[in-house]
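Residue numbers (the working numbering): -9 to 614.
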């Protein structure tokens, strides 16, 4: 019987070529869309799923004044390890603020490269996180100070296919150059992590090591990502409830001195990539909301294809009515006819699947450009199972209604040519058409809205001039010390209008901050204000508008305690744009009270991404 069904279905397919082609292409487009979006969703949901005991790994984050911050002070890790027996192991990761790239040099070949994604980590890091190693032992790679673990790509750039273990690399940072000994090489990852592929430096070192050891304050320098692994059977919720009393017990005095209070909470490591978009993330994360949106789009497009199949099938009902009548006369039962029509639908679906595989291979490069991914069809082998399931579901869904509709014809009425249109069936078809067009309109409006949003972002006034700017990283002490010479040379170039220097520039994360409070207030009434050190020409070069007062200038030599505030900072401090100039603001550090004088107000500008609200910002003169 199955062979007969296939034979009839195949004949019907070739007998009505145009109809079959329309149905197959429609289903193929729907399946292709589902396949591409499924690949994207699989890739986004695969982050940090490879770690052994990953379900027991957490990051400790904090919240203060309504703002969530995913890093913490240096002593937190040792504190929780000491106070809580349910904590099996801890490790810290330090992403050096303001350093977006590292200058690495291999002495024997004099090869220098800028490398992204460098992280300082504790010696216990690989006891928590699972990485494959081409060279080196993860248990001992950080047993000695000044050790470095390279990615496989980075190792090949410097050493080719040679074993680099025990070779020395020079790591240059603005505060000095340090020799690091290669102790391990990571395998090219086949997994994803919220910690980008890069290299890892031992936190026990000769550059920042002593500074790290000196960080004992529980309120300052919240730039250490603290990871813990709970013991098997430990209750994460109960442990989380103990964190605030623990913080108050150990760091309450430090926090009170700065006039802040803080709440600690846990983030499961496996959830970080899709569910965490807070302050000082290690790298940009995904967003679970986008996955819901993309999945909905895939489902709707597949539904449109299925509805199109249903409508075409029922529209051809008169041409197949006699076939149904004859089959029923010779003994075919309704269930047999349903099976035949569902079989035809499944055959069309699997033919559509074959075409969609070609479409996927054809469009995946374009899809990768749109999503900034590097997806390939076999990157996630489980996609095969998903596609087979989607194809089966599509075939059954698309063929379900036509099969029951066609198999319900009365043989006598059909053979006499008295086939009447069922009112209910007509209502269903019209309803499906309305639904199909409604979904299409919604998707089209969504596409128009996205295009409008992209136009808005592209044309948004950022508050500074972003065009015709070149950023030169001065990553070594020698380079930073030569800044004045470089600036003088650039001034002699007629094609260069201005040059400047600063500890940050618009578009990158800036976490330098200070708790300022206005005249007549105390530290308990502080406002957290981001800060940056700049030279005299920064405002002019960046095209930032001074709306009251003045900017920094060589003519004013007493500006060491002066600062410029943006409008948001002025309002947060309780001043106004018209009365703030000449006022003082204060901050306290290590029990000492210091004063700064407001010399000017700059118009709010987006010093971070457009997705971030403009925060209070202060610019101070740097001793360059």
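Ideal Cβ positions, reconstructed from N, Cα and C, are used throughout, including at glycine.
For this session: Go through its chain and collect everything with a Cβ distance to residue 488's Cβ below 7 Å, but skip five positions before and after it.
Result: Counting only Cβ-Cβ distances below 7 Å, and skipping sequence neighbours, we find 527, 530, 531.
For this session: Decide if residue 253 is buried, meaning its Cβ has at least 16 other Cβ atoms within 10 Å, or exposed.
Result: Result: exposed.
Exercise. At what residue ranges does the region 183 to 231 contain a whole run of the beta strand (DSSP E), taking only runs of 3 or more?
Worked result: 189 to 192, 214 to 220, all fully within the region 183 to 231.
Exercise. So what does DSSP say about residue 597, is it helix, strand or coil?
Worked result: In the structure shown, residue 597 sits in coil (DSSP, three-state: anything other than H, G, I, E or B).
Problem set entry | Sequence-distant residues of its chain with Cβ nearer than 6 Å to residue 231 (five each side left out) | Excluding the 5 residues flanking it on each side, residue 231 has no same chain C-beta neighbour closer than 6 Å.
Exercise. With C-beta atoms as the reference, is residue 300 less than 8 Å away from residue 422?
Worked result: In terms of Cβ geometry, residue 300 and residue 422 form a close pair [threshold 8 Å].
Exercise. What are the start and end residues of the beta strand (DSSP E) that includes residue 504?
Worked result: For residue 504, the enclosing beta strand (DSSP E) covers residues 503 to 508.
Exercise. Are the beta-carbon atoms belonging to residue 138 and residue 215 less than 8 Å from one another?
Worked result: Their beta carbons are not under 8 Å apart, which means residue 138 does not touch residue 215 by this criterion.
For this session: Please say whether residue 589 and residue 567 have beta carbons closer to each other than 8 Å?
Result: A distance of 8 Å or more separates the beta carbons of residue 567 and residue 589.
Problem set entry | Residues bridged to residue 59 [DSSP beta-bridge criterion] | In the DSSP assignment, residue 59 forms a beta bridge with 52, 269.
Exercise. Just checking, does the region 590 to 604 make contact with the region 544 to 561 on the three C-beta pairs under 8 Å criterion?
Worked result: By the C-beta criterion, the region 590 to 604 is judged to be in contact with the region 544 to 561, since at least 3 inter-stretch pairs fall below 8 Å.
Problem set entry | Contact check, residue 189 vs residue 108, beta carbons under 8 Å | Yes, these two residues count as a Cβ contact at 8 Å.
Problem set entry | Outcome for residue 425 when other beta-carbon atoms lying within 10 angstroms are tallied against a minimum of 16 | Counting other Cβ atoms within 10 Å of its Cβ, residue 425 stays below 16 and is therefore classed as exposed.
Exercise. From which residue to which residue does the alpha helix (DSSP H) around residue 147 run?
Worked result: Here the alpha helix (DSSP H) through residue 147 covers 142 to 149.
For this session: Report the partner residues of residue 258 according to the DSSP bridge assignment.
Result: According to DSSP, residue 258 shares a beta bridge with 48.
Exercise. What's the C-alpha gap between residue 575 and residue 435?
Worked result: Distance from the CA of residue 575 to the CA of residue 435, rounded to the nearest whole angstrom, comes to 50 Å.
Problem set entry | Inter-stretch contact at 8 Å, needing at least 3 Cβ pairs: the region 378 to 391 / the region 33 to 42 | Judged by Cβ distances under 8 Å, the region 378 to 391 makes no contact with the region 33 to 42, as fewer than three pairs qualify.
Exercise. What distance in whole Å lies between the Cβ atoms of residue 157 and residue 165, which are believed to be in contact at a cut-off of 8 Å?
Worked result: Between residue 157 and residue 165 the Cβ distance is about 24 Å, and since that is not below 8 Å, they are no contact.
Exercise. Taking Cβ to Cβ, would you say residue 370 is nearer than 8 Å to residue 275?
Worked result: Residue 275 is positioned such that its CB atom lies no closer than 8 Å to that of residue 370.
Problem set entry | Unbroken beta strand (DSSP E) run spanning residue 176, endpoints | Secondary structure note for residue 176: its beta strand (DSSP E) is the uninterrupted segment 166 to 176.
Exercise. Distance, Cα to Cα, residue 100 vs residue 525?
Worked result: Taking the straight line from one Cα to the other gives about 33 Å.
Exercise. Does the distance from the CB of residue 521 to the CB of residue 535 come in under 8 Å?
Worked result: With respect to the 8 Å criterion, residue 521 and residue 535 are not classified as neighbours on the basis of their beta carbons.
Problem set entry | For residue 204 and residue 260, the rounded distance between their alpha carbons | For residue 260 and residue 204, the distance between alpha carbons rounds to 32 Å.
Exercise. From which residue to which residue does the alpha helix (DSSP H) around residue 473 run?
Worked result: Residue range 473 to 481 is occupied by the alpha helix (DSSP H) that includes residue 473.
For this session: Classify residue 208 as buried or exposed, calling it buried when 16 or more other Cβ atoms lie within 10 Å of its own Cβ.
Result: Buried, by the Cβ-count rule.
Exercise. Straight-line CA distance for residue 359 to residue 508?
Worked result: If you draw a straight line from the Cα of residue 359 to the Cα of residue 508, it is about 49 Å long.
Exercise. For residue 579, does the three-state DSSP call read helix, strand or coil?
Worked result: In the three-state scheme derived from DSSP, where H, G and I count as helix and E and B as strand, residue 579 is classed as strand.
Problem set entry | residue 145 versus residue 133 - alpha carbon distance | Their backbone Cα atoms lie some 20 Å apart in a straight line.
For this session: State yes or no: is the C-beta of residue 62 within less than 8 Å of the C-beta of residue 212?
Result: Closer than 8 Å, so yes.
Problem set entry | Residues bridged to residue 654 [DSSP beta-bridge criterion] | Because the chain is modelled from -9 through 614, residue 654 falls outside the range shown and cannot be assessed.
For this session: Please name the residue in 504, 342, 181 whose C-alpha comes closest to that of residue 42.
Result: The shortest C-alpha separation from residue 42 is found at 181.
For this session: Buried or exposed for residue 579, please, with buried defined as at least 16 other CB atoms from any protein chain shown within 10 angstroms of its CB.
Result: Its Cβ having fewer than 16 others within 10 Å, residue 579 is exposed.
Exercise. Between the beta-carbon of residue 598 and the beta-carbon of residue 468, is there less than 8 Å?
Worked result: The answer is no: Cβ separation not under 8 Å.
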